[in-house]
Amino acid sequence: MTLRITYQPWGETLAELVDAGRRAEQAGAEVLWVSELHRSATGTAAALAAGTEVARVGTSILLAFTRSPMVTALEALDLDELSEGRFVLGLGSGVQRLNEDWHNVTFGKPVPHVRETVRNIRLFWEACRSGEPITAEGDWEPMSIRGYERPFPVLRTDIPVYLAAMGPLMTRLAGELGQGWISHELCSPSYLAEKVSPDLDAGIARAEGKSRADLDVVVSACCSISDDLSLARRRAAGLVGFYASVRTYADFFAFHDLADDQQRVVEAFRSGKGADYLADDVSDRMVDALTLVGSRDAVVERIAAYEGLADSVKLSPPTHGLAAAETRAAQEEILAMIADLDGAA
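Here the sequence shown stands for residues 5 to 349, where the numbers follow the numbering used here.
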């Protein structure tokens with residue numbers, strides 16, 4: 005298998021998360037990813053960077069608009085220093101309601117907003133040690149910095165920037181600007197091949213001198229391993245239900261011939277069920293199509309289906325609607341499988 009195996013560790017505490025990351029690193033995971041919702045991505049990344057030695061540490065994702073580009077650039081430099089050059093900055097726009105209602109920040113037009121954000125971050129990395137003015141015009145992120153000179157080391161001015169994207173316009177932007185693209189948590193091989201890859205290729209074509217080999221295509225996959233298929237499905241169903249409750253993903257579910265299945269989840273959500281507690285309304289068809297479930301051999305076979313389409317697979321344990329003990333058990337199975345995969349490689 006030529007796919008790079010990467011992992012998003014889970015922990016009920018930061019100490020447990022770092023321990024899981026360390027064990028994933030020892031098992032052979034090449035990148036350890038952290039998310040941003042219930043924890044700060046930068047805080048969690050710092051803990052992982054300090055607690056590991058070899059694996060790269062990446063944000064999947066850090067919200068692009070809830071910090072200024074300068075603050076994001078500074079945090080990335082600090083994390084790169086802390087990890088001794090192992091940091092990957094993964095950015096995503098998030099959705100409008102989260103930005104405007106939860107964080108009170110401007111969402112705007114997300115594609116040009118992300119473009120200006122990435123431009124400013126890279127400009128700051130290049131110029132922050134010179135003491136010269138840093139100026140960038142823009143509709144969403146104008147920047148004018150004078151009288152600033154970073155007195156600390158800058159380990160790298162070319163920290164990799166990965167962009168998370170699902171829609172075609174943002175996916176093309178990821179192909180054009182990013183060193184990597186990170187998929188939505190649900191992304192089947194067929195969806196990657198038919199819907200995502202053409203847009204990534206179109207974005208790559210817009211970047212002078214760039215080829216497909218210059219882009220790390222990272223597919224995210226919720227993974228639930230058990231010889232008891234019903235148990236494996238039940239653990240992963242909560243994640244599928246969480247996303248199926250959002251009508252924005254209607255086209256995604258329709259692509260997989262799951263429109264009616266999604267509608268049943270939406271109706272359950274509207275009836276008052278919490279978004280994390282919709283597992284009982286998720287069909288087996290949905291789980292089988294969109295997650296990696298079953299015995300270890302079956303899951304390895306499902307991972308191999310991404311060969312030739314993705315460069316990296318980001319595995320993560322199920323969490324939605326589950327007790328900590330169940331997520332912990334699912335994580336142990338994944339870590340054991342990663343060790344086997346690394347040994348086989």
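Note that beta-carbon positions come from the ideal geometry of N, C-alpha and C, so glycine has one too. No experiment lies behind these values; they were computed from the predicted model shown.
{"Query": "Continuous alpha helix (DSSP H) stretch holding Val221: start and end", "Result": "That residue, Val221, is in no alpha helix (DSSP H); its beta strand (DSSP E) goes Asp220 to Ile229."}
{"Query": "Trp129 classed as buried or exposed, judged by whether at least 16 other C-beta atoms fall within 10 angstroms", "Result": "buried"}
{"Query": "Closest Cα partner of Ile9 within the set Arg27, Gly32 and Glu305", "Result": "Gly32"}
{"Query": "The region 273 to 283 contacting the region 201 to 214, beta-carbon criterion three pairs below 8 Å", "Result": "no"}
{"Query": "Rounded straight-line distance, which links the Cα of Tyr195 to that of Gln100", "Result": "24 Å"}
{"Query": "According to DSSP, residues forming a beta bridge with Thr44", "Result": "Note on identity: in this sequence residue 44 is Ser, with Thr being the wrong assignment. DSSP output for Ser44 lists no bridge partner at all."}
{"Query": "Residue range of the alpha helix (DSSP H) that includes Ser234", "Result": "Leu233 to Ala248"}
{"Query": "Identity of the residue in Leu181, Ala241, Met170 and Ala327 nearest Ala254 by Cα", "Result": "Met170"}
{"Query": "Spatially closest choice to Gly298 from Arg251, Ser97 and Arg238, by CA coordinates", "Result": "Arg238"}
{"Query": "Check whether Pro321 and Cys227 have beta carbons under 8 Å apart", "Result": "yes"}
{"Query": "Spatial neighbours of Thr175 in its chain, beta-carbon cut-off 8 Å, leaving aside the 5 residues before and after", "Result": "Ala169, Trp185, Val200, Asp203, Leu204 and Gly207"}
{"Query": "Distance between Thr252 and Ser287 (C-alpha atoms, nearest Å)", "Result": "19 Å"}
{"Query": "Three-state class that DSSP yields for Thr63 in the structure shown", "Result": "strand"}
{"Query": "CA-to-CA distance, Pro146 to Thr295, given in whole angstroms", "Result": "40 Å"}
{"Query": "Short Cβ contact (8 Å threshold) for Trp106 with Ser64", "Result": "no"}
{"Query": "Span of the alpha helix (DSSP H), counted from its first residue to its last, around Gly179", "Result": "Pro172 to Leu181"}
{"Query": "Leu1: first and last residue of the uninterrupted alpha helix (DSSP H) it sits in", "Result": "Residue 1 is absent from the structure shown; the chain starts at 5 and stops at 349."}
{"Query": "Segments assigned beta strand (DSSP E), at least 3 residues, entirely inside the region 294 to 332", "Result": "296 to 298 and 316 to 320"}
{"Query": "DSSP bridge partner residues for Arg8 (one or two, in chain order)", "Result": "Ser316"}
{"Query": "For Tyr166, three-class secondary structure by DSSP", "Result": "strand"}
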